[in-house]
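Colleague: Structure below; questions to follow.
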Amino acid sequence: MGFIERILQGGEKEILEKLNQIVEIGIEASTFIDELILKGGTIEKIKDLEKRSDNVAFEITNMVTSGGIAPNLIDNLLELVNKEDNIIDSMYNLARELLRYNIHNKELDKYVKERLLKMNSFAKEALSTMKKMHVSDRLSEIRKFRSRIEELEEEGDNIKDSLFDIAYTKKIDYKTFYHIMELAHEADDVLDNCEDSSDIFLTVMSSIVS
C-alpha cells in the first residue's frame, strides 16, 4: 500500500474510484466521436454515455455532501466531479455539432476532419492520462501527468486556431463558417475541461498529503 492510499479515508478512496468511471466513459465516448467524424451516424450512444456520467456524478455529489469527507476537501471535490462531468457534456455537444456539420468542398472537408480527429486523439490521451492520475500514489507523478495534459490542451489550441484561420480566410458561406467555428470551440472545450479537471485533482491530492 502506497503513501497516498494509506492516508485516504474510506469515503475519499471510493470517490476517487468513482471519478475514474467518468474518465472511462469519456474514453469510450471518444471512440464514437472518431466514428462520427469519419462516417457520420447518430449520437444515441454518446447520449447514453452522457446520462451515465450524470448518474455517476450525482452519486459522487451525494457521497461528498453526506458526510465522511474531510471538510477542507468538500468544495474541491464538488468542483472536480463537476469538471469531469463537463468533459462528457462537451463531448456530447461536439457530437451534436458534428451531426449538424455539412460541407460541400471536399478538400476543405478533409482538412477539417483531419484536425478534428487530431484534437479528439489529444482528448483520448488526456483522458487516459487522467486515469493514470487517479491511481497514482506519488504527487510528483501526478504533477507530471498534469503537465502532459496541459501540453495536450496547448497543442489542441494550435489546431483550433488553424481551423479559425480556415474559417476566416476561405471563401465559404456563412453556414459553413459557423459550423467550422462551432466544431473548433466544442473540440477545444473537451480539452479545456480535461485540463481543468487535472488542475483540481492535483489540488485535491496536494491537500490530502499536506
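Numbered as in the working numbering, the sequence shown ends at 213 without a single skipped number.
From the three backbone atoms N, C-alpha and C, an ideal C-beta is built for every residue, glycine too.
(1) Rounding to the nearest angstrom, what Cα-Cα distance links Met122 and Asp192 in this structure?
(2) Let me know the secondary structure DSSP gives Ala73 once reduced to three states.
(3) Which of helix, strand or coil does DSSP assign to His182?
(4) With a cut-off of 8 Å on the beta carbons, I'd call Gly159 and Phe180 a contact; round off their distance for me.
(5) State the Cα-Cα distance for the pair Leu22 and Gly29, rounded to the nearest angstrom.
(6) For Asp202, which residues in the same chain have their Cβ closer than 8 Å to its Cβ, ignoring the five residues on either side in sequence?
(7) Measuring CB atoms only, is the segment 53–65 touching the segment 139–153, in the sense that at least three cross pairs come out at less than 8 Å?
(8) Curious, which full-length beta strand (DSSP E) runs of at least 3 residues does the segment 78–103 contain?
(9) From Thr206, Leu120, Ile211, pick the residue whose C-alpha is nearest to that of Leu83; which is it?
(10) Going straight from the alpha carbon of Arg103 to that of Lys173, what length do you get?
(11) Does DSSP classify Asn108 as helix, strand or coil?
Modeller: In brief:
(1) About 11 Å.
(2) coil
(3) Correct three-state label for His182: helix.
(4) So it is not a contact: roughly 21 Å between Cβ atoms.
(5) 11 Å
(6) Arg149
(7) The segment 53–65 makes no contact with the segment 139–153, as fewer than three CB pairs between them are under 8 Å.
(8) none
(9) Its Cα nearest to that of Leu83, the residue Thr206 stands out among Thr206, Leu120, Ile211.
(10) 20 Å
(11) coil
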